[in-house]
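S.K.:
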Amino acid sequence: MLLNVFGEPLLECGCKPITGWYLDGYCRTDPSDLGNHSVCCIMTENFLSYTYSQGNNLIDPIPFLDFPGLKPGDHWCLCSSRWDQARRDGMAPPVMLESTDCSAARAIPLAILKLFSTQNH
Numbered sequence: 111m112l113l114n115v116f117g118e119p120l121l122e123c124g125c126k127p128i129t130g131w132y133l134d135g136y137c138r139t140d141p142s143d144l145g146n147h148s149v150c151c152i153m154t155e156n157f158l159s160y161t162y163s164q165g166n167n168l169i170d171p172i173p174f175l176d177f178p179g180l181k182p183g184d185h186w187c188l189c190s191s192r193w194d195q196a197r198r199d200g201m202a203p204p205v206m207l208e209s210t211d212c213s214a215a216r217a218i219p220l221a222i223l224k225l226f227s228t229q230n231h
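Each residue of the sequence shown is one higher than the last, beginning at 111 in the working numbering.
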């Protein structure tokens with residue numbers, strides 16, 4: 111069973127556009143996912159601009175990969191290190207904890223993730 115940061119069943123992050131290491135809508139991961147795409151976030155204009163400036167263009171479509179590009183409000187599985195870097199730079203997007211894989215809490219303390227949560231638990 112896939113578990114979120116609370117040890118409960120992992121909820122879907124998003125399918126419009128499809129997200130996740132496995133492109134199944136879930137922020138689940140495995141050892142081959144070196145970026146640990148485990149943090150389910152709601153994209154913001156500030157974060158999208160920030161990550162673009164860091165060389166990670168999530169805005170522009172990539173048709174040959176069926177990637178439509180992201181816009182504010184989209185749900186997306188971010189690498190735990192990318193999210194934490196954005197947090198340190200004051201640009202982290204909100205986190206959906208029930209849809210964030212338990213592995214994220216090994217990289218980022220749960221108390222920090224909770225500060226950016228969209229949900230109460």
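Each residue gets a CB set at the ideal place from its N, CA and C atoms; glycine is no exception.
This structure is a prediction, so every number in the text was calculated from the model and none was measured.
1. Which same chain residues end up closer than 8 Å to P119 when comparing Cβ atoms and leaving out the 5 residues on each side of it in sequence?
2. Between the alpha carbons of Q195 and A202, how many angstroms are there, rounded?
3. Is it buried or exposed for A221, if we count other Cβ within 10 angstroms and need 16 for buried?
4. Give the straight-line distance between the Cα atoms of T129 and I152, rounded to the nearest whole angstrom.
5. By a C-beta neighbour count over all protein chains shown, 10 Å radius and 16 as the cutoff for buried, is C125 buried or exposed?
6. What ranges does the alpha helix (DSSP H) occupy inside the region 176-222, keeping only unbroken runs of at least 4 residues that lie completely in it?
7. Between the C-alpha atoms of S213 and F174, what's the straight-line distance to the nearest angstrom?
8. Taking the C-alpha atoms as reference points, what is the distance between S191 and D176?
9. What are the partner residues of V149, as DSSP defines its beta bridges?
10. Among the residues of its own chain, which have a CB less than 6 Å from the CB of G179, if the five just before and after it don't count?
M.R.: Let me spell this out:
1. Excluding residues within five positions, the ones whose Cβ falls inside 8 Å are M111, L112, L113.
2. Going from the Cα of Q195 to the Cα of A202 covers about 8 Å.
3. With fewer than 16 other CB atoms across the displayed protein chains lying within 10 angstroms of its CB, A221 is exposed.
4. Linking T129 to I152 through their CA atoms gives a straight-line distance of about 12 Å.
5. The residue is exposed, with fewer than 16 neighbouring Cβ atoms inside 10 Å.
6. Here the runs fully enclosed are 190-198, 214-217.
7. Spanning the two alpha carbons is a distance of roughly 30 Å.
8. When rounded, the distance between both Cα atoms is 25 Å.
9. Per DSSP, the beta bridge partners of V149 are L188.
10. So the list reads I169, D170, P171, once near-sequence residues are dropped.
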